[in-house]
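Residue numbers (our numbering): 45 to 146.
Structural data, given as structure tokens:
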């Protein structure tokens, strides 16, 4: 399993309600900024460096915001997801939206 995804497995294991809201795509500027040590310092943290290197060269890939709440708070999770989606749509044009399909 990827180091970057271990927290997601932990949420599933502990039965925390969680969901992901689409939030645009990786831009060329995002990709350049990610590799800039001044903007995203990793220092000697091998986990951060591994995550940064794995995310490099990902222009055009979809981004999302993961929302997690405590067990038995499914309604709160859905409410926050709805608010994130609403704010995203208000702040971005329709071409920024990511449409997920099968």
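Backbone N, C-alpha and C define an ideal beta-carbon position, used for all residues, glycine too. Here the structure is a predicted model, which is why all the values come from computation and not from measurement.
Coil, strand or helix - residue i by DSSP
i	result
residue 104	coil
residue 68	strand
residue 62	strand
residue 145	Caution is warranted here: a pLDDT of 44 is assigned to residue 145, below 50, making its placement in the model unreliable, and the coordinate value is therefore given only provisionally. Coil at residue 145, not helix or strand.
Cβ neighbour criterion (16 or more within 10 Å) applied to residue i
i	result
residue 144	For residue 144, the predicted structure reports a pLDDT of 48, less than 50, and the residue's modelled location is therefore unreliable. The matter cannot be settled from this model.
residue 113	buried
Residue closest to residue i, alpha-carbon to alpha-carbon, out of the options
i	options	result
residue 100	113, 106, 78 and 114	78
residue 69	106, 117, 136 and 110	106
Is the segment 70 to 84 touching the segment 121 to 137, taking contact as three or more C-beta pairs under 8 Å? no
Any 3 or more C-beta pairs closer than 8 Å across the segment 79 to 97 and the segment 57 to 70: no
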